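Undergrad: Here's a structure for you.
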Amino acid sequence: EGDRVGESVPQVVDCDWEITIVVYDSRRSVVLDQSTKEELVGSPSASGDSITVSWDDWKGADKLYAEIGKSPEVQAALKRIHSGTYYSSDIEKVRLYSKEHGLFIVRDKVTGLLSVELGGFSNATYKSMSVDSSVIGDGFELVATVHTHPRSSPPTHRSDYPYYDNQAAMKNGWAIVIGAEHSYFVSPSQRSEGYIRYDNGGLLGQ
Numbered sequence: 002e003g004d005r006v007g008e009s010v011p012q013v014v015d016c017d018w019e020i021t022i023v024v025y026d027s028r029r030s031v032v033l034d035q036s037t038k039e040e041l042v043g044s045p046s047a048s049g050d051s052i053t054v055s056w057d058d059w060k061g062a063d064k065l066y067a068e069i070g071k072s073p074e075v076q077a078a079l080k081r082i083h084s085g086t087y088y089s090s091d092i093e094k095v096r097l098y099s100k101e102h103g104l105f106i107v108r109d110k111v112t113g114l115l116s117v118e119l120g121g122f123s124n125a126t127y128k129s130m131s132v133d134s135s136v137i138g139d140g141f142e143l144v145a146t147v148h149t150h151p152r153s154s155p156p157t158h159r160s161d162y163p164y165y166d167n168q169a170a171m172k173n174g175w176a177i178v179i180g181a182e183h184s185y186f187v188s189p190s191q192r193s194e195g196y197i198r199y200d201n202g203g204l205l206g207q
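Structure, rendered in structure tokens:
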């Protein structure tokens, strides 16, 4: 849907969850919330690369979001790292003094069930953290690398994008960045700026 070049008229596709995808051209693709008309996907990159978030990636994010919503264990773990970062209602205090928290969402290769791996995250500051995917056991596959952004900002292009990670295992999983009120999903195939944003309520089981 988003690979057409030189398209001058927006294409509007009605989707589940009252979401509309609007594709302006090969350089810009946005997802709008039907009720607020807020933009949920990133803006054009300075380099001019296509930032189209593909239809398959949008469906993949939607599927993962729904699957997490059916796992109380994963939701509880996500809620803990969210609370660890957003420990205060004073957002400025959080911005100045809080640290990133993270975890891996993994899938059991036999049962297919989701669970979490809390190891592998260290040296956290308010804007960075060391991540080691080697802690993931042989019986599991990485589904998503998750971390919080104390400043509640969207994913940082390249540094938060699986495609550019130097760890092979992390290239195959999604990245999920959790902010104060919203979470951002980045597909492993996303090379230029772009993400899909969700409300934290369903993700954290609130």
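Quick note: to get the working numbering, add 1 to the position in the sequence shown (first position is 1). Virtual Cβ for every residue (Gly too), placed ideally from N, Cα, C. Note that the structure is a prediction, hence the values are computed from the model and not measured.
DSSP on ALA169, reduced to helix/strand/coil?
TA: Helix at ALA169.
Undergrad: Which residue from SER135, SER153 and LEU143 puts its Cα closest to that of GLU93?
TA: Minimum Cα distance to GLU93 is reached at SER153.
Undergrad: Could you check the C-alpha separation between THR112 and ALA62 for me, to the nearest Å?
TA: So the two alpha carbons sit approximately 21 Å from each other.
Undergrad: If you draw a straight line from the C-alpha of LEU65 to the C-alpha of ASP91, how long is it?
TA: Cα-Cα distance, rounded: 31 Å.
Undergrad: To the nearest whole angstrom, what separates the beta carbons of TYR127 and PRO155, a pair I think is in contact under 8 Å?
TA: With a Cβ gap of about 16 Å, TYR127 and PRO155 do not count as contacting.
Undergrad: Between the C-alpha atoms of ILE106 and LYS71, what's the straight-line distance to the nearest angstrom?
TA: When rounded, the distance between both Cα atoms is 13 Å.
Undergrad: So, for LEU251: in the same chain, excluding its five sequence neighbours on each side, which residues have a beta-carbon less than 6 Å away from its beta-carbon?
TA: This structure gives no information on residue 251, because the portion of the chain shown stretches from 2 to 207.
Undergrad: Which one of VAL132, LEU204, ILE137 and GLN76 has the shortest CA to CA distance from ASP109?
TA: Comparing Cα positions, the closest option is ILE137.
Undergrad: Going by the CB atoms, is the gap between ILE179 and THR149 shorter than 8 Å?
TA: Yes, these two residues count as a Cβ contact at 8 Å.
Undergrad: Just to confirm, is the Cβ distance from GLY121 to LEU143 under 8 Å?
TA: No, the Cβ-Cβ distance between GLY121 and LEU143 is not below 8 Å.
Undergrad: Any idea what DSSP makes of LEU114, helix, strand or coil?
TA: LEU114: coil per DSSP, three-state reduction.
Undergrad: Just to check my reading of the structure: TYR164 and LYS172 have Cβ atoms closer than 8 Å, yes? What is that Cβ distance to the nearest angstrom?
TA: At roughly 7 Å, the Cβ-Cβ gap stays under 8 Å, so TYR164 and LYS172 are in contact.
Undergrad: Using DSSP's beta-bridge definition, name the partner residues of ALA145.
TA: Paired residues: ILE106 and TRP175.
Undergrad: Quick one, which of HIS183, ASP139, PRO189 and GLU194 has its alpha-carbon nearest HIS158's?
TA: Nearest C-alpha to HIS158: GLU194.
Undergrad: Do you know how far the Cα of ILE197 is from the Cα of GLY206?
TA: If I take the Cα positions, the gap works out to 19 Å.
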